[in-house]
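Visitor: Protein chains in written order, with numbering that gives the first Met the number 0: chain A, 0 to 180; chain B, 0 to 73.
Note that the Cβ used here is the ideal one computed from N, Cα and C, for glycine as well.
What follows is a single structure, and I will ask about it in a moment.
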Amino acid sequence: MSRENPDQLSVPPDGKPYHQQPQWRNDFPIDWPQDELVARRDFTKFLVLTSFAFVVGQVWIAFENFARKRRGRPPIRMIAKLAAIPAGGSVTFAYPDAHDDCVLIRTAADRFVAYSQKCTHLSCAVTPQIEKNCLYCPCHHGFFDLATGVPTGGPPRRPLPRITLEIRDGAIYATGVEVRA
Amino acid sequence: MRRPFSRQQKMTIVFGILCIVLIIVVLQLWLLTATMNAFLGGEEAVINPAAIASMVCLLLNAGLLWYVYQMERP
Numbered sequence: 000m001s002r003e004n005p006d007q008l009s010v011p012p013d014g015k016p017y018h019q020q021p022q023w024r025n026d027f028p029i030d031w032p033q034d035e036l037v038a039r040r041d042f043t044k045f046l047v048l049t050s051f052a053f054v055v056g057q058v059w060i061a062f063e064n065f066a067r068k069r070r071g072r073p074p075i076r077m078i079a080k081l082a083a084i085p086a087g088g089s090v091t092f093a094y095p096d097a098h099d100d101c102v103l104i105r106t107a108a109d110r111f112v113a114y115s116q117k118c119t120h121l122s123c124a125v126t127p128q129i130e131k132n133c134l135y136c137p138c139h140h141g142f143f144d145l146a147t148g149v150p151t152g153g154p155p156r157r158p159l160p161r162i163t164l165e166i167r168d169g170a171i172y173a174t175g176v177e178v179r180a
Numbered sequence: 000m001r002r003p004f005s006r007q008q009k010m011t012i013v014f015g016i017l018c019i020v021l022i023i024v025v026l027q028l029w030l031l032t033a034t035m036n037a038f039l040g041g042e043e044a045v046i047n048p049a050a051i052a053s054m055v056c057l058l059l060n061a062g063l064l065w066y067v068y069q070m071e072r073p
């Protein structure tokens with residue numbers, strides 16, 4: 000640290016001249032402008048590392064999307080016999096994988112709807128409230144329309160993924176998952 | 000020959016670059032959340048262009064950081 004060259008002058012944080020500074024500051028002087036320069040440079044470096052982390056996140060999403068496309072259509076799987084679900088009743092099942100919980104609801108004698116049970120807000124399990132014509136998420140009081148799966152209240156913004164259904168031979172089958180924006 | 004920057008000039012340049020990098024990082028954060036929302040909603044069209052745009056942002060940031068370190072060299 001030089002006190003002669005004005006460009007290299009290091010001014011203590013309180014702005015007072017050196018002869019008014021405490022003894023310890025004269026004994027152990029700190030080059031304050033250099034300290035600030037290094038701090039800003041290091042913060043910029045940290046931000047660039049954060050920028051790299053965001054790119055990793057983007058690449059991960061792109062990879063997951065590629066993997067999802069490669070998996071293709073999920074298999075057709077029987078959910079339940081029609082006689083096992085009364086009108087106004089519901090049954091839970093896993094589709095397409097063992098950890099993908101879904102719910103099938105018989106809204107009328109000849110009308111079925113099925114959705115993923117994971118709330119599109121933070122993945123809590125939604126429960127059907129047939130008398131209120133909605134699906135309810137108890138975690139943050141989210142509501143979805145029973146007929147369409149579209150959010151009608153609370154924090155969720157995306158509809159529930161719909162499970163496409165097919166009825167044959169007195170049983171109901173899941174044939175696919177329709178993810179909607 | 001180019002005169003080296005004074006300490007005050009360096010400080011201003013670093014601060015300016017820091018602000019630009021900060022804006023780009025905020026843009027990348029917005030891009031990431033929008034892409035995640037699109038992915039979860041089943042919209043695939045935006046995913047790859049968003050990844051490329053984020054990479055361009057990273058290259059820009061890395062270039063600016065490189066300039067800061069180059070400026071420090073005697």
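Can you give the beta carbon distance from C56 (chain B) to I23 (chain B), rounded, assuming they're within the 8 Å contact cut?
Guide: As a working mapping, residue 56 (chain B) is identified with position 57 in the second sequence. As a working mapping, residue 23 (chain B) is identified with position 24 in the second sequence. Yes, C56 (chain B) and I23 (chain B) are in contact; Cβ-Cβ is about 5 Å, under 8 Å.
Visitor: So what does DSSP say about V20 (chain B), is it helix, strand or coil?
Guide: Here residue 20 (chain B) corresponds to residue number 21 of the second sequence, with the count starting at 1. Taken through DSSP and simplified to helix, strand or coil, V20 (chain B) comes out as helix.
Visitor: With a threshold of 9 Å between beta-carbons, can G56 (chain A) be considered close to chain B, or not?
Guide: As a first step, residue 56 (chain A) is located in the first sequence; it is residue number 57 there, counting from the start. Answer yes: the Cβ-Cβ gap between G56 (chain A) and chain B drops below 9 Å somewhere.
Visitor: Considering only C-alpha positions, which residue in the set B:S53, B:L63, B:R2 and B:G40 is nearest to R161 (chain A)?
Guide: Residue numbering aside, residue 161 (chain A) sits at position 162 when the first sequence is read from its first letter. Comparing Cα-Cα distances from R161 (chain A) to each of B:S53, B:L63, B:R2 and B:G40, the minimum goes to B:G40.
Visitor: Can you pull out the residues from the region 40-51 of chain A whose beta carbon lies closer than 8 Å to at least one beta carbon of chain B?
Guide: R40, F42, T43, K44, L46, V47, T49, S50 and F51
Visitor: Give, in chain order, every residue of the region 27-42 of chain B whose Cβ lies closer than 9 Å to some Cβ of chain A.
Guide: Those residues of the region 27-42 of chain B that come within reach of chain A (Cβ to Cβ, closer than 9 Å) are Q27, L28, L30, L31, T34, M35, N36, A37, F38, L39, G40, G41 and E42.
Visitor: How do the region 103-113 of chain A and the region 156-171 of chain A stand: do at least 3 beta-carbon pairs fall below 8 Å, yes or no?
Guide: yes
Visitor: Listing by chain order, which chain B residues have their CB less than 7 Å from the CB of P28 (chain A)?
Guide: Locating residue 28 (chain A) in the first sequence gives position 29, counting from the first residue. Those within 7 Å of P28 (chain A) in chain B number zero; the least Cβ separation is about 16 Å.
Visitor: So, does the region 30-46 of chain A touch the region 43-59 of chain B, judging by three or more C-beta pairs under 8 Å?
Guide: No: fewer than three Cβ pairs fall under 8 Å.
Visitor: By the criterion of Cβ-Cβ separation under 9 Å, what are the contact partners of P155 (chain A) in chain B?
Guide: By one-based count along the first sequence, residue 155 (chain A) stands at place 156. The contacting residues do not exist; P155 (chain A) stays about 11 Å from chain B at best.
Visitor: Can you pull the DSSP bridge partners for A49 (chain B)?
Guide: The count along the second sequence starts at 1 and reaches residue 49 (chain B) at position 50. Looking at the DSSP assignment, A49 (chain B) forms no beta bridge with any residue, so it has no partner.
Visitor: Return helix, strand or coil for R40 (chain A), following the three-state DSSP convention.
Guide: In the first sequence, counting from the first residue as 1, residue 40 (chain A) sits at position 41. Residue state, collapsed to three classes: helix.
Visitor: I think A49 (chain B) touches L30 (chain B), with their Cβ atoms under 8 Å apart; what is that distance to the nearest whole Å?
Guide: Taking the second sequence and counting its residues from 1, one reaches residue 49 (chain B) at position 50. Taking the second sequence and counting its residues from 1, one reaches residue 30 (chain B) at position 31. Indeed they touch by this definition, with Cβ atoms about 5 Å apart.
Visitor: Using a Cβ-Cβ cut-off of 6 Å (strictly less than) and excluding sequence neighbours within five positions of I84 (chain A), which residues of its own chain qualify?
Guide: Walking along the first sequence from the start, residue 84 (chain A) turns up at place 85. Taken in chain order, the residues that qualify are V90 and R105.
Visitor: Given that V24 (chain B) touches chain A, what residues does it touch there, using C-beta distances under 9 Å?
Guide: Along the second sequence, one-based indexing puts residue 24 (chain B) at 25. L46, V47, T49, S50 and F53, listed in chain order.
Visitor: Which residue wins for smallest C-alpha separation from P155 (chain A), given the options A:G169, A:P137 and A:S50?
Guide: Here residue 155 (chain A) corresponds to residue number 156 of the first sequence, with the count starting at 1. Closest option to P155 (chain A), Cα to Cα, is A:P137.
Visitor: According to the neighbour-count rule (16 or more other Cβ atoms, all chains shown, within 10 Å of its Cβ), is P3 (chain B) buried or exposed?
Guide: Taking the first residue of the second sequence as 1, we reach residue 3 (chain B) at position 4. Exposed.
Visitor: I need the DSSP call for A146 (chain A), collapsed to helix, strand or coil.
Guide: Here residue 146 (chain A) is taken as the residue at index 147 of the first sequence, counted from 1. In the structure shown, A146 (chain A) adopts coil according to DSSP, grouped into three states.
Visitor: Is T119 (chain A) close to chain B? Criterion is C-beta to C-beta, closer than 9 Å.
Guide: Counted from its first residue, the first sequence places residue 119 (chain A) at position 120. Interface residue, yes.
Visitor: So within the region 12-84 of chain A, which uninterrupted beta strand (DSSP E) runs reach at least 3 residues, ignoring any that extend past its ends?
Guide: 76-80
Visitor: Please report the Cβ distance between R157 (chain A) and A124 (chain A), rounded to the nearest whole angstrom; I am assuming they are in contact, meaning their Cβ atoms lie under 8 Å.
Guide: Here residue 157 (chain A) corresponds to residue number 158 of the first sequence, with the count starting at 1. Here residue 124 (chain A) corresponds to residue number 125 of the first sequence, with the count starting at 1. About 16 Å; that fails the 8 Å criterion.
Visitor: Among residues of its own chain, excluding the 5 on either side of I129 (chain A), which ones have a beta-carbon nearer than 6 Å to its beta-carbon?
Guide: The sequence position of residue 129 (chain A) within the first sequence is 130, counting from 1. Once the five neighbours on either side are set aside, the close Cβ partners of I129 (chain A) are G87.
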